[in-house]
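In this note's numbering, the protein residues as written are 4 to 578.
Next up, the structure:
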């Protein structure tokens, strides 16, 4: 009896500690998140100029990670939304929407009025209702220097049939977070975990929420049993039996002042609704120990649902942490989890023989060493570039560049690794090791886009695109090749001469501004206007914005202060 009471007190003490930490993080992060709200509002004014749906044939999307890639429930299409890119000095956030037509092998950029704000590390789930819906929750926005974060707690739905965005406002939902996971379960969205980070503090979650797709209401679940510890970036999938599996993930904790220790989880849990009831049904956590060949501990892996209701896991990074350094071994292996057998399988290709190799391409000091043989398709001859112009139905001329490996002798150049078994069976075609890539499965084919790896102090963001037939499991097919060596990388600088709004602008505006020497623009400033005239004219706009968001007079003043400071900096730079 005494032991039980002591254990219960210990549990309650842990809950109190977690509650205190969440309150502490919330208080400290509130100030910096409010600072970013004016910057987010700045971008929303740009998006507000879009009044009609515009679909433009385009080249493949620019490099990015932590976006979402989803399969359309009715059409042969993939949907790419959001993501981030870092060029060494600035962080870029996106809210662009791209559609990939599988049959035609073409990309289309779709601009829709009133989209969600720019974000990354969100979750996107497709459901078949109403001709198809893409539901998005949470994610984060970062300041251009990558030092401040705003974590969203908003819920959006893209109606695929009408191509319209809708923000769904429902109380009682999860707090702001990123790195969480969300799945469709019957007629609900089930959300688990994630994290919230400010400049000095952070907190990881292990709470579970359900969103009813019929009533548009949130409810917080309280499963019995021992569940996963707080974490982000885990695997979350629905089994054929109707349960939910959680595997792995990442979390960190402070071991002493300014020193954090990360944990790459490799445990596995089952979340089950008793009697299969929806809504108020009782939920239970159970820890499971699957057999088979399990993935090695890692973080940043990508997940998709494979045929036969198997869960597919790709890549990631195995971090080797020391007190003063962090080295990553990036991966490109493939694993399948069969929930019916409760067993892991290593995904092995039946094409070119693939022996076990230690892959450290992404950790070499020189990026060239990581990219000598792109996807194992090295050739003595340079790739062949084919440029063609396509005229669309509305008369728009689109120039498409494609890279093809030129035919050449079968002899492969000497590699820094012993690849003789693979050379004997033909060149190895595989995506380079990476983390935070985007995966989607359609018609039994796995599609892989983007992600990142590290080469010394450089973060290389990818834009390549691959496809693998999961029924044949022969070899990867390259849909879009990319050479990371040509990617822009700017060394860190101490100068502060860059405009605060540039870093998170997104691809389209940056490309336009680089093409010609334009005058600096601000969405609320009219040409030739003086700062003294700008203030009274726009004050009501910012007051309404702050009032709609929080209803707090103190917050209204703070948003006004930040907005005016941004405008003042703009006028000073323009002088």
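Don't be surprised by glycine CBs; every beta carbon is placed ideally from N, CA and C.
Going by DSSP in three states, residue 452 sits in which element: helix, strand or coil? strand
What separation, rounded to the nearest whole angstrom, lies between the Cα atoms of residue 229 and residue 62? 48 Å
Tell me which residues share the same chain as residue 153 and place their Cβ nearer than 6 Å to its Cβ, disregarding the 5 neighbours each side in the sequence. 36, 39 and 144
Nearest to residue 205 by CA position, among 104, 265 and 436, is which residue? 265
What does the Cβ neighbour count give for residue 447, buried or exposed, with the cut at 16 atoms within 10 Å? exposed
Give me whichever residues DSSP pairs with residue 265 in a beta bridge. 255
Best match in 59, 494 and 156 for proximity to residue 102 [C-alpha to C-alpha]: 59
Comparing alpha-carbon positions, which option in 156, 457, 276 and 298 lies nearest residue 244? 276
Report the rounded CA-to-CA distance for residue 225 versus residue 432, giving the unit in angstroms. 46 Å
Which of the three DSSP states, helix, strand or coil, is assigned to residue 100? strand
Confirm, please, whether the CB-CB distance from residue 178 to residue 207 is below 9 Å. no
Smallest Cα separation from residue 158: which of 120, 131 and 190? 120
Could you tell me the boundaries of the beta strand (DSSP E) in which residue 209 lies? 205-215
Rounded to a whole number of angstroms, what is the C-alpha to C-alpha distance between residue 183 and residue 305? 13 Å
My assumption, with CB atoms under 8 Å, is that residue 469 sits in contact with residue 442. Please give the rounded CB distance. Contact flag wrong, Cβ pair sits at about 10 Å.
Report yes or no: do three or more beta-carbon pairs, one from the region 74-82 and one from the region 38-56, lie closer than 8 Å? no
9 Å Cβ cutoff met for residue 126 and residue 160: no
Taking 9 Å as the threshold (C-beta atoms), are residue 246 and residue 308 in contact? no
For residue 169, which residues from the same chain have a beta carbon less than 6 Å from its beta carbon, with the 5 sequence-adjacent residues on both sides left out? 160
Residue 455 versus residue 66 - alpha carbon distance: 9 Å
With C-beta atoms as the reference, is residue 231 less than 9 Å away from residue 196? yes
Residue 41 - DSSP class collapsed to helix/strand/coil: helix
Residue environment, residue 334, which counts as buried when at least 16 other CB atoms sit within 10 Å: buried
Rounded C-alpha distance that separates residue 349 from residue 44: 46 Å
Quick check on this structure: which residue in 94, 105 and 191 has the alpha carbon closest to the alpha carbon of residue 449? 105
Using DSSP bridges, identify the partner residues of residue 480. 470
Would the beta-carbon of residue 438 fall within 9 Å of that of residue 251? no
CB of residue 346 within 9 Å of CB of residue 298, strictly: no
Please return the same chain residues whose Cβ sits closer than 6 Å to the Cβ of residue 263, not counting the five positions on each side in sequence. 255 and 257
Let me confirm a value: residue 46 is counted as buried when at least 16 other C-beta atoms fall within 10 Å, else exposed. Which label applies? buried
DSSP beta-bridge partners for residue 127? 139
CA nearest to the CA of residue 464, picked from 181, 491, 253 and 341: 491
Output the distance between the C-alpha atoms of residue 313 and residue 331, rounded to the nearest integer angstrom. 28 Å
Which residue wins for smallest C-alpha separation from residue 478, given the options 460, 342 and 337? 337
For a test of the three-state rule: what should DSSP assign to residue 36, helix, strand or coil? helix
With DSSP as the reference, label residue 313 as helix, strand or coil. coil
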